[in-house]
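*Asks:* In full-length UniProt numbering, the protein residues as written are 1 to 331.
One structure follows; several queries about it will come next.
As structure tokens, then:
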């Protein structure tokens, strides 16, 4: 089994376990950079609900564009959309259209112009955010140390944890920042049982203070960017919104007779009878696989309904869009 495939199965099974133990939003493969978008991807993100989580869940099941949240648009009076945004016009238009589509904005057409207002005040819906870096095999660490040092120095998430299947030695602990928590994950071969042993608790990171984001490394020096507290707060909001809209069930079930749905972990995962493990359909399934069976898969799974059933996320909320006087003609 290749390292990448092993990490894929490890990641899905860990997400299923985390989802089953707390009323949280669990998502995977989310960007966690500010100065260098896409420069750091967190394997797993856990978002704890805040005091107004129910109000957020009632608006939409999708992520709300951050530019729309930051726009000068309220709930009381419609504004011409171009006057409400402080960003590039193309980004503003995309955010406006998306916010209307997901139900965070209502749109009124006046003299050929789009006016918008919020369907609800943006709520205080998320609390602590935890990032988890998955590295099943610590003997193949890759850029692990640099990644974790970036997470600590930037302090975008409240806590950062390393999850591994390896036996964790003192040498391992010495190579990663003290602030990083460490979990050793024990799982059965069939994923029916997965237990988390806390080797070291994480230290709370200073998310409300400026952070340092390493950029490019050169011999003898590293380029950095100082990220102020306001920029971090906006990035945390984007991260929370993406986690809410995306979740962790972003995998496919291959169109192959060898694939079956495996719910032994508590969530339904794509299991290959020929390979004997969870598979990533996008990267390793298809006619080029020696075990490919052109018959349709017997997996009949509604992943959205499963997420709705198992988590506080709502698949199809009633929404907060209103029909008011003067707001009944939409462009």
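Just so you know, even glycine gets a beta-carbon here, dropped at the ideal spot from N, CA and C.
Remember, predicted model here, so these are calculated numbers, not experimental data.
Report yes if the CB atom of residue 307 is closer than 8 Å to the CB atom of residue 313, and no otherwise.
*Replies:* For the purposes of this step, residue 307 is taken as the residue at position 307 of the chain shown. For the purposes of this step, residue 313 is taken as the residue at position 313 of the chain shown. Contact annotation: residue 307 and residue 313 have beta-carbon atoms nearer than 8 Å.
*Asks:* What whole-angstrom Cβ distance do residue 105 and residue 60 have, given they're in contact under 8 Å?
*Replies:* Stepping through the chain shown from its first residue, residue 105 is reached at position 105. Stepping through the chain shown from its first residue, residue 60 is reached at position 60. Between residue 60 and residue 105 the Cβ distance is about 11 Å, and since that is not below 8 Å, they are no contact.
*Asks:* Between residue 142 and residue 161, what straight-line distance do the alpha-carbon atoms span, to the nearest angstrom?
*Replies:* In the chain shown, the residue the question calls residue 142 occupies position 142. In the chain shown, the residue the question calls residue 161 occupies position 161. Their Cα atoms are separated by approximately 17 Å.
*Asks:* Between which two residues does the beta strand (DSSP E) carrying residue 48 extend?
*Replies:* Locating residue 48 in the chain shown gives position 48, where the first residue counts as 1. Start and end: 41 to 49.
*Asks:* Mapping DSSP to helix, strand and coil, what is residue 5?
*Replies:* Position 5 of the chain shown, counting from 1, holds the residue named residue 5. For residue 5, the predicted model reports a pLDDT of 43, less than 50, meaning its position is unreliable; a value from the coordinates is still stated below. Three-state result, residue 5: helix.
*Asks:* Measure the CB-CB distance between residue 287 and residue 270 and report whether it falls below 8 Å.
*Replies:* Taking the first residue of the chain shown as position 1, residue 287 is located at position 287. Taking the first residue of the chain shown as position 1, residue 270 is located at position 270. No.
*Asks:* Is the beta carbon of residue 34 less than 8 Å from the beta carbon of residue 154?
*Replies:* Along the chain shown, read from residue 1 onward, the residue named residue 34 stands at position 34. Along the chain shown, read from residue 1 onward, the residue named residue 154 stands at position 154. For residue 34 and residue 154, yes; Cβs fall inside 8 Å.
*Asks:* Drop a sphere of 10 angstroms on the beta-carbon of residue 201, count the other beta-carbons inside from all chains shown, and report buried for 16 or more, exposed for fewer.
*Replies:* In the chain shown, counting from the first residue as 1, residue 201 sits at position 201. The residue is exposed, with fewer than 16 neighbouring Cβ atoms inside 10 Å.
*Asks:* With a threshold of 16 other CB atoms inside 10 Å of the CB of residue 318, please say whether the residue is buried or exposed.
*Replies:* Residue numbering aside, residue 318 sits at position 318 when the chain shown is read from its first letter. Its Cβ having fewer than 16 others within 10 Å, residue 318 is exposed.
*Asks:* Identify every residue that forms a DSSP beta bridge with residue 212.
*Replies:* The residue labelled residue 212 in the question sits at position 212 within the chain shown. According to DSSP, residue 212 bridges with 226.
*Asks:* What residues match up with residue 19 in a beta bridge as DSSP calls it?
*Replies:* By 1-based counting over the chain shown, the position of residue 19 is 19. Beta-bridge pairing links residue 19 to no other residue.
*Asks:* Would you mind sorting residue 152 into buried or exposed? The rule is 16 or more other CB atoms within 10 Å of its CB.
*Replies:* For the purposes of this step, residue 152 is taken as the residue at position 152 of the chain shown. Classification of residue 152: buried, given that the 10 Å Cβ count is 16 or more.
*Asks:* Measure the Cβ-Cβ separation of residue 183 and residue 199 and say whether it is below 8 Å.
*Replies:* Here the question's residue 183 lines up with position 183 in the chain shown. Here the question's residue 199 lines up with position 199 in the chain shown. Yes.
*Asks:* Where does the unbroken alpha helix (DSSP H) through residue 123 begin, and where does it stop?
*Replies:* Sequence index remark: in the chain shown, residue 123 carries index 123 (1-based). Taken as a continuous stretch (DSSP letters only), residue 123 belongs to no alpha helix (DSSP H), as it is neither H nor E.
*Asks:* Note down, one range per segment and in chain order, each alpha helix (DSSP H) of at least 4 residues found wholly within the region 69 to 109.
*Replies:* Fully enclosed alpha helix (DSSP H) runs of no fewer than 4 residues occupy 81 to 84 and 89 to 102 of the region 69 to 109, in order along the chain.
*Asks:* Whose C-alpha, out of 257, 297, 119 and 268, is nearest the C-alpha of residue 77?
*Replies:* Here residue 77 corresponds to residue number 77 of the chain shown, with the count starting at 1. Out of 257, 297, 119 and 268, 119 has the C-alpha closest to the C-alpha of residue 77.
*Asks:* Can you tell me which of the three DSSP states residue 116 falls into?
*Replies:* Position 116 of the chain shown, counting from 1, holds the residue named residue 116. In this structure, residue 116 counts as strand in the three-state DSSP scheme.
*Asks:* Kindly indicate which three-state DSSP category residue 333 falls into: helix, strand or coil?
*Replies:* This structure does not reach residue 333, given that the chain is present from 1 up to 331, and the question cannot be answered.
*Asks:* Assign residue 3 to one of two classes, buried (16 or more other C-beta atoms within 10 Å of its C-beta) or exposed (fewer than that).
*Replies:* The count along the chain shown starts at 1 and reaches residue 3 at position 3. For residue 3, the pLDDT reaches just 41, beneath the cut-off of 50, and the residue's location in the model is therefore unreliable, leaving the point undetermined.
*Asks:* Starting from residue 150 and walking both ways along the alpha helix (DSSP H), at which residues does that stretch end?
*Replies:* The count along the chain shown starts at 1 and reaches residue 150 at position 150. Counting along the chain, the alpha helix (DSSP H) containing residue 150 begins and ends at 144 to 154.
*Asks:* How long is the line joining the alpha carbons of residue 147 and residue 114, rounded to whole angstroms?
*Replies:* Against the chain shown, residue 147 aligns to sequence position 147. Against the chain shown, residue 114 aligns to sequence position 114. If you take the alpha carbons of residue 147 and residue 114, they lie about 44 Å apart.
*Asks:* Look at residue 48 and residue 112 and say whether their C-beta atoms are less than 8 Å apart.
*Replies:* The sequence position of residue 48 within the chain shown is 48, counting from 1. The sequence position of residue 112 within the chain shown is 112, counting from 1. Note that the C-beta distance between residue 48 and residue 112 is not below 8 Å.
*Asks:* Put residue 132 into one of helix, strand or coil per three-state DSSP.
*Replies:* On the chain shown, position 132 is the one that residue 132 refers to. DSSP, read as helix, strand or coil, puts residue 132 in strand.
*Asks:* With a CB to CB cut of under 7 Å and the five nearest residues on each side skipped, what residues in its chain are close to residue 266?
*Replies:* Counting from 1 along the chain shown, the entry for residue 266 is found at position 266. So the qualifying residues of the chain are 16 and 20.
*Asks:* Report the rounded CA-to-CA distance for residue 235 versus residue 274, giving the unit in angstroms.
*Replies:* To locate residue 235, count along the chain shown from 1; it is residue 235. To locate residue 274, count along the chain shown from 1; it is residue 274. So the alpha carbons of these two residues sit roughly 42 Å apart.
*Asks:* In angstroms, rounded to a whole number, what distance separates the CA positions of residue 27 and residue 45?
*Replies:* Numbered from 1 along the chain shown, position 27 holds the residue referred to as residue 27. Numbered from 1 along the chain shown, position 45 holds the residue referred to as residue 45. Straight-line Cα distance between these residues: approximately 5 Å.
*Asks:* To which residues does DSSP link residue 293 through a beta bridge?
*Replies:* In the chain shown, residue 293 corresponds to position 293, counting from 1. Beta-bridge pairing links residue 293 to no other residue.
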